[in-house]
Amino acid sequence: MDITLTSLETAHTELLSQKIMAEIASNGGWIPFSRYMEMVLYEPGMGYYSAGAHKLGAGGDFTTAPELSPLFGAAIVETLLPILEALQDQGIPTQILEFGAGTGKLAESILSRLHELDFMLDHYDIIEISPDLAQRQEERLQHLSKKLNLSTQCRWLSSLPSYFKGIILANEVIDAIPCDAIIFQNGFWYWQGVSVINNRLTWSIGKPVEQALLPETLVNGSFSEGYVSELHAPANAWMRQVAKHLDTGLFLTFDYGFPESEYYHAQRLEGTLMAHHRHHAIQDPFYLPGLSDVTTHVEWSQIARSALQEKVDDVYLSNQVSYLLDAGIGDIALEIGDPSNPESFLPISNSLQKLLSEAEMGELFKVFAFTKKLSHILPDHTLEDLPGLRGRNRL
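Encoded structure:
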C-alpha cells in the first residue's frame with residue numbers, strides 16, 4: 011500500500027519503533043505480543059490512543075457505528091429507557107457511563123434522543139484514555155448542552171466507580187484491549203511474540219503455552235500446523251471488573267467478534283489480528299507503529315463466562331442487525347425522516363444499510379449485554395424483556 015507520511019509522522023513511528031526495540035533488547039530479545047500491542051496503542055505520548063491524531067470518521071483511520079448515524083444511539087436509548095425510568099421512579103440518580111467514547115458522537119446521539127423523549131439524565135460519565143479524544147468529546151457535549159439547554163452533568167472519570175447503579179456502555183472497546191498471540195506447532199501451542207531481525211520488528215516464537223491457560227476448544231480441537239490465534243486474558247479480566255463494579259443496572263457493548271466455536275474454527279488459520287490506517291485494513295500488526303490502530307476480534311464466549319463469574323443476572327449475545335431491528339431503528343428512521351422526500355431520506359437509508367447489512371456491520375458486529383439486580387428496579391422483568399434484546403439469545 012502506497013502511503014505518503016509527513017516528516018512528523020515518520021519521526022513519530024520511527025521513535026516508537028526504536029523504543030519498542032529497546033524494550034525487546036532489555037528483555038532478552040523477545041516480548042509477548044500483548045506487550046507490543048500495549049505499547050503501540052497506549053505508550054504515553056506515543057501510542058495510537060495516547061498521542062494526538064485524527065483517528066475516527068471520514069478523515070481518520072476507521073468509522074464506527076455512532077459516526078455513521080445518530081440512529082444508532084437513538085435505538086440504544088430504547089433499551090436503556092426502561093431502566094433509567096425505573097431508577098428515576100425510585101429516586102436513584104440516573105447515570106450512564108461510557109468507556110472509550112471516541113469523538114463523543116454516541117453520547118451526543120443518546121443525550122439528544124433522551125431530550126426528544128423528555129427524559130433528563132442526571133449524569134453522563136466517560137472514561138477515556140486518549141487526551142485528544144477527551145478534548146473533542148468535551149467540546150462536542152458542551153456545544154450540545156448549550157444548544158439543548160441540558161441539565162445533564164457530563165464528567166470525565168479516571169476509573170470505574172464501585173457499586174455503580176445505572177448503564178455502562180462500550181462501543182468498540184474490547185477489540186483494543188491487548189491480547190496475546192499463539193501458534194500451533196508440532197502438536198503444541200506456543201506464545202508468539204515479537205523480536206527484532208535486521209532492525210525490523212517481526213514475529214518470534216516463544217515458550218509453550220501452559221495448558222491451563224488454553225480454552226478447552228484449543229486443548230481438544232484439531233488444528234493444522236502453523237495455525238495462529240489469540241488469547242484474551244486482559245479483556246476477560248476487564249470484563250470481570252466491569253461486572254463486579256456494576257451493582258444495579260445494565261452493561262451493553264458492541265464490537266466485532268465471534269463466539270468460541272467460530273473464533274477458534276479450524277479454517278480460521280491466520281487469527282484475527284489487524285491493523286487499520288486511513289480506512290485500510292492491514293494484516294501486518296507491525297505496520298507503522300503508533301500511527302495504525304491494532305485490533306483483535308472479540309471472543310465472546312469467554313467474555314460471557316467472565317461476566318457470569320461476578321454473579322450477573324444473565325448474559326445476551328446477538329448480532330447488530332437483530333438488535334437494532336428489535337430496538338425499532340426502522341420506526342425511528344421513519345420518525346425523523348420523510349421517505350417521500352428521496353433527497354433528504356437517502357442519507358438515512360444509506361446509513362441504515364451500513365448498520366444493518368450482513369455485508370457491512372450487521373452480522374460481524376455483535377451486541378453483548380448483561381443485567382445485574384434487574385428485578386430490584388424492574389420486578390418481573392428479565393434482560394430479554396428490554397427492547398433490542400428480545401431476540402434469540404445465541405449463547
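Taking our numbering, I'd label the letters of the sequence shown as residues 11 to 405.
Cβ atoms here follow ideal geometry from the backbone N, Cα and C, with glycine treated the same way.
As the structure is a computational prediction, the values presented were derived from the model and not from experiment.
request  = Indicate the three-state DSSP secondary structure (helix, strand or coil) for Asn209 in the structure shown.
outcome  = coil
request  = From the DSSP output, read off the bridge partner residues of Asp128.
outcome  = Beta-bridge pairing links Asp128 to no other residue.
request  = May I have the straight-line CA-CA distance separating Ser122 from Leu170, to the nearest angstrom?
outcome  = 24 Å
Straight-line gap, Gly55 to Leu301 (C-alpha atoms, nearest Å) = 12 Å
Cut-off 7 Å between Cβ atoms - residues of its own chain near Pro295, not counting five sequence neighbours on either side = Leu283, Ala285, Val304
key: Opening and closing residue of the beta strand (DSSP E) in which Glu88 lies   = Where Glu88 is concerned, there is no enclosing beta strand (DSSP E), although the alpha helix (DSSP H) it sits in stretches over 80 to 99.
Nearest candidate by alpha-carbon position, reference Thr104, set Arg210, Leu279, Cys164 = Cys164
C-alpha distance - Gly231 paired with His307, whole-angstrom precision = 20 Å
request  = Starting from Thr258, follow its DSSP beta bridges and name the residues at the other end.
outcome  = Lys175
query = Tell me which same chain residues have a C-beta within less than 7 Å of the C-beta of Glu138, skipping the five on either side of it?
reply = Gly110, Ala111, Ala144, Gln147, Trp166
message = Mapping the DSSP letters down to three states, classify Trp248 as helix, strand or coil.
response = helix
key: Opening and closing residue of the beta strand (DSSP E) in which Ser328 lies   = 324 to 329
query = Leu15 to Ile41, Cα distance in whole Å?
reply = 28 Å
query = Quick one: complete beta strand (DSSP E) runs, 3+ long, within the segment 259 to 328?
reply = 284 to 287, 290 to 292, 303 to 305
task = Would you kindly check if the distance between the Cβ of Arg250 and the Cβ of Ser316 is under 7 Å?
result = yes
message = What does the Cβ neighbour count give for His22, buried or exposed, with the cut at 16 atoms within 10 Å?
response = buried
ask   = Should the segment 355 to 372 be called in touch with the segment 310 to 324, which here means at least 3 C-beta pairs below 8 Å?
value = no
query = Near Thr381, what residues of its chain come up, given a Cβ to Cβ distance below 6 Å and the 5 sequence neighbours on each side ignored?
reply = Leu260, Asp323, Leu393
message = Out of Leu224, Leu365, Arg400, Ile192, which one is the CA nearest neighbour of Ala379?
response = Arg400
inquiry  = Can you give me the C-alpha to C-alpha distance between Ser79 and Ser359, rounded to a whole angstrom?
reply    = 10 Å
inquiry  = Whole angstroms are fine: how far does the CA of Leu365 sit from the CA of Leu228?
reply    = 33 Å
inquiry  = Check whether the segment 230 to 247 and the segment 262 to 282 touch, using three or more Cβ-Cβ pairs below 8 Å as the test.
reply    = yes
request  = Check Ile13 in the structure and name its three-state DSSP category.
outcome  = coil
ask   = With burial defined as no fewer than 16 other Cβ atoms inside 10 Å of the residue's Cβ, what is the status of Asp395: buried or exposed?
value = exposed
ask   = Can the beta-carbon of Leu81 be found less than 7 Å from the beta-carbon of Ala343?
value = yes
task = Below 7 Å CB to CB, which residues in the same chain sit around Gly69 once its five sequence neighbours on both sides are set aside?
result = Per-residue confidence for Gly69 stands at a pLDDT of 49, beneath the threshold of 50, marking its modelled position as unreliable; no derived number is given.
task = Can you say whether Ala85 is buried or exposed, counting buried as having 16 or more other CB atoms within 10 angstroms of its CB?
result = buried
Inter-residue spacing [alpha-carbon to alpha-carbon] between Ala186 and Asp257 = 25 Å
task = Please state if the CB of Phe129 and the CB of Asn181 are separated by a distance shorter than 7 Å.
result = no
message = Do Ser44 and Pro188 have their beta-carbon atoms positioned less than 7 Å apart in this structure?
response = yes
key: Residues bridged to Lys382 (per DSSP)   = Gly259
inquiry  = Using a Cβ-Cβ cutoff of less than 7 Å, which residues in the same chain neighbour Gly83 once the five nearest sequence positions on both sides are dropped?
reply    = Pro76, Leu116, Ser119, Ile120, Arg123
message = If you follow the alpha helix (DSSP H) that Phe43 is in, where does it begin and where does it stop?
response = 43 to 52
query = Between which two residues does the alpha helix (DSSP H) harbouring Gln152 extend?
reply = 141 to 158
inquiry  = At the level of alpha carbons, what is the spacing between Ser27 and Ser60?
reply    = 15 Å
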